[in-house]
Structures are given as C-alpha cells and as structure tokens.
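Residue numbers (the UniProt record's numbering): 1 to 175.
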C-alpha cells in the first residue's frame, strides 16, 4: 500500500500548509487599516438625497448606504450550481425570482469587531443582533452564480431600502 501511504503523507502535508496559511492570514486580519471600512451611516447626520439607506428590518438601525454596495456581473444562474444537483422544479421556481438575493458590500465600521481575526462568520445587526448575512475573506458565491471575493453578504430579505424625498416635494404634496 505505498500509494495509500504516500497519498496520506501528501494530504497531511497539505492540511498542515493550509492551516499554517489560515494562521498567517488570521494574524494579518488583526490589524486592518481604518481606510478599509466604509463610514457607519449612524456617524453622519444626513444622507445625501441621491443615496439610498439600508436599515435592519427588525430594529430599523441604519446599516449601509447604496454607495457601499459592490456591483458584480450576473453569473450563469442555476447552471453555476450544477455540482449541487438542483432539481428541475427548483430551477423553474428560481427563474421567476430576482437572481441576486443579497447585497455584497464593502466592510462597514460596525462590522469591524466581527471581522477581525477570523476568515469567515456571520454578520449580525449591531443593535438587535439579528442575523443579516455572512462574510468570508475567501469569497462566496452569489445566488446568481457569480463568485465574489471578499464577500460581505447581506440578505435583501433582512434589510429595508429607505429612499429620501426632497424637502420641496414634501411641501408641495402636503398643500
């Protein structure tokens, strides 16, 4: 069984190298520059009229702005998940829905405590601790099939989109 022994040795060497890589990367993640993080929307008094604000659906805490959303080209959809063997009925249901079910954002200041020192984890609302999404420095696959790296993924179903109305329009509508 020399093949079995040599394969076992190679696998254990690969595991050691991978765990060493994780340790080195985690150590680097302890000291992220402040410029990496987008400004927390609660730190700024007023949102520009053109920007959309996204709030936690449960407690209404401001989480990020539209300027923090990272766009990506649409992936190949269900065919990108062929390795997961999606059934025909699941593919039919997916065609009628919006392809991207999450927002991929740049890291925001309120995320900092969750991000430091770990490669992946959950993103929780800083006020009510409800689960908003997840993050992975290695990247993650969007529901449209596109791979996004690094991934700070917030589910659209967990946030509300808040658009500001110009003050002049409000007064005109009121009279």
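Yeah, the Cβ is synthetic: ideal placement off N, Cα and C, and Gly gets one too.
Taking the Cα of residue 111 as reference, the smallest distance to any Cα among 123, 154, 162 and 103 is reached at 123. Beta bridge pairing from DSSP links residue 165 with no other residue. Per DSSP, residue 106 lies in no beta strand (DSSP E) and is assigned neither H nor E. Just so you know, the alpha carbons of residue 41 and residue 76 end up roughly 33 angstroms apart. Just so you know, the alpha carbons of residue 161 and residue 132 end up roughly 14 angstroms apart. At a Cβ-Cβ threshold of 8 angstroms, residue 120 and residue 138 count as neighbours. Taking 8 angstroms as the upper bound for CB-CB distance, residue 58 and residue 130 are in contact here, some 5 angstroms apart. Annotated as proximal: residue 54 and residue 159, with beta-carbon spacing under 8 angstroms. Excluding residues up to 5 positions away in sequence, 104, 135, 136, 139 and 140 lie with their Cβ nearer than 7 angstroms to the Cβ of residue 151 in the same chain. According to the DSSP assignment, residue 115 belongs to the alpha helix (DSSP H) that extends over 112-115. Under the three-state reduction of DSSP, residue 65 is assigned to strand. Measuring C-alpha to C-alpha distances from residue 154 to each of 39, 101 and 115 identifies 101 as the nearest.
DSSP places residue 156 within a helical segment (H, G or I) once states are collapsed to three. DSSP lists 62 and 160 as the beta-bridge partner residues of residue 55. Nearest in C-alpha terms to residue 164, of all of 38, 36, 39 and 66, is 66. The DSSP-derived three-state label of residue 148 is strand.
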